[in-house]
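If you read the protein sequences in the order shown, they are chains U and L. Residue 176 is where the first sequence starts when you use the numbering used here, and the numbers rise one by one after that. Residue 9 is where the second sequence starts when you use the numbering used here, and the numbers rise one by one after that. We treat Cβ as the ideally placed atom computed from N, Cα and C, and that holds for glycine. What you are looking at is a predicted structure, and each value in this text was computed from that prediction instead of being measured.
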Amino acid sequence: MNCLLKPPEQQALLFRYLAGDLTGETLCSWQRHVASCPDCQHLVQSQENLEAILSSWQPPAISADFDQKLWARIELDRQHTQPWWLRYLSLDWGWRLAVPAALTACLILGFFVLSPAPEVMQAEDIEQVERMLDDLEALQALHPQPEDPRIQDSL
Amino acid sequence: MKLLLPLILFAATLAAQPAPGKVLIERLRRMTPAERQRALARMSPERREALERRLNSLDRIQPGVRDSLQHDFESFQKLSPQEKSEFRRTLRDISELPAERRRIVRAAIHHLRKRPPLLHERILNSHNFTERFSEDERKLIRESLRYLEPLEATDLSH
């Protein structure tokens, strides 16, 4: 006897039958065939058993803190698989922006404060130096040295 | 840690401000000639030479004078902007006196700074002073003494 399921393209009939999609003449032909084909009877029986098992299966009840535990476990797993700097950077978006900003600020600090001499002084700084030298020299002039004896005599 | 970023940015902002003149002068004085030349590259050669001469002259100040000058300068920095402006005007007026009078007026200021401040007016109004200094000169001396702190009276014989 020729089994209806032998051509691969016909195997979909089994699933359509189990799903209740077959109607009319197709359904009658399929039922007649199954009644006379031990292989197909076995397949149908197996699929029906499987569906019965799946439909009777109930997932175990989860605890109230299941989500928290799951995320903690995922995080723990991630920490063990990622390098420290990647974990550090992926804490939140704020840090991803803060780290380059802080590094830039450190560079600016290093340049303006820690560097012993700037490459080229700004015009504003030079003017400030000159003004300060003006003050220093004006004050220095009030410190005569050595004191002129003639001046001392006149005082 | 999130507070660190604003602090760093604030410090960077401060660092970006022009450094105080005193710090800049000290920095220039510590530089090698090559570093100084590079730092002052934006200046014209004449202006740079003049500035370098002035900086070098600071190194030639005698140690005793340097200490009291530093003290005067620190006191000057503490004056209000208006007081600084007035004092600068007085110092400029003194510098515009004829050379001989300028030296004597400056010496008089130096001399009076070694005297107790309570005696300043009496000395300024004394016959000896009124005979040797004009009204304007005494005014300049008086104005200067207003802003200068007394010097240590190491020599009261004068």
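- Query: For the candidate residues L:Arg111, L:Ala58, L:Ile117, whose alpha-carbon lies nearest to that of glutamate 157 (chain L)?
  - Reply: For the purposes of this step, residue 157 (chain L) is taken as the residue at position 149 of the second sequence. Nearest in C-alpha terms to glutamate 157 (chain L), of all of L:Arg111, L:Ala58, L:Ile117, is L:Ile117.
- Starting from lysine 244 (chain U), follow the alpha helix (DSSP H) in both directions and report where the run begins and ends. Within the first sequence, numbered from 1, the residue matching residue 244 (chain U) stands at position 69. Taken as a continuous stretch (DSSP letters only), the alpha helix (DSSP H) holding lysine 244 (chain U) covers 241–256.
- Whole beta strand (DSSP E) runs in the segment 38–78 of chain L with 3 or more residues, listed along the chain? Fully contained in the segment 38–78 of chain L is no beta strand (DSSP E) run of length 3 or more.
- Query: Where in the segment 80–157 of chain L do unbroken runs of the beta strand (DSSP E), each at least 3 residues long, occur, reported from the N-terminal end onward?
  - Reply: Counting whole runs of 3 or more residues, the segment 80–157 of chain L contains no beta strand (DSSP E) stretch at all.
- CB contact below 7 Å: isoleucine 131 (chain L) versus chain U: Sequence index remark: in the second sequence, residue 131 (chain L) carries index 123 (1-based). Output row for isoleucine 131 (chain L): interface = no.
- Item | isoleucine 33 (chain L), DSSP secondary structure in three states | Taking the first residue of the second sequence as position 1, residue 33 (chain L) is located at position 25. Helix, per DSSP.
- Ignore the nearest five residues each way along the sequence and tell me which others in glutamate 145 (chain L)'s own chain have a CB closer than 6 Å to its CB. What you label residue 145 (chain L) is simply residue 137 of the second sequence in a count that begins at 1. The residues are Val113.
- Query: In this structure, does DSSP put proline 182 (chain U) in helix, strand or coil?
  - Reply: In the first sequence, the residue the question calls residue 182 (chain U) occupies position 7. Proline 182 (chain U): coil per DSSP, three-state reduction.
- Query: Skipping 5 residues on each side, what residues in its chain have a beta carbon closer than 7 Å to that of leucine 87 (chain L)?
  - Reply: The sequence position of residue 87 (chain L) within the second sequence is 79, counting from 1. Correct list, in chain order: Phe95, Tyr155.
- Under a CB-based cut-off of 7 Å, is leucine 308 (chain U) close to chain L? Looking up residue 308 (chain U) in the first sequence gives position 133. Judged by the 7 Å Cβ criterion, leucine 308 (chain U) is in contact with chain L.
- State the CB to CB distance for the pair proline 319 (chain U) and alanine 107 (chain L), rounded to an integer number of angstroms; the pair is presumed to be in contact (CB under 8 Å). Residue 319 (chain U) sits at position 144 when you count from the first residue of the first sequence. Residue 107 (chain L) sits at position 99 when you count from the first residue of the second sequence. Actually they are not in contact, since the Cβ atoms of proline 319 (chain U) and alanine 107 (chain L) sit about 13 Å apart, beyond 8 Å.
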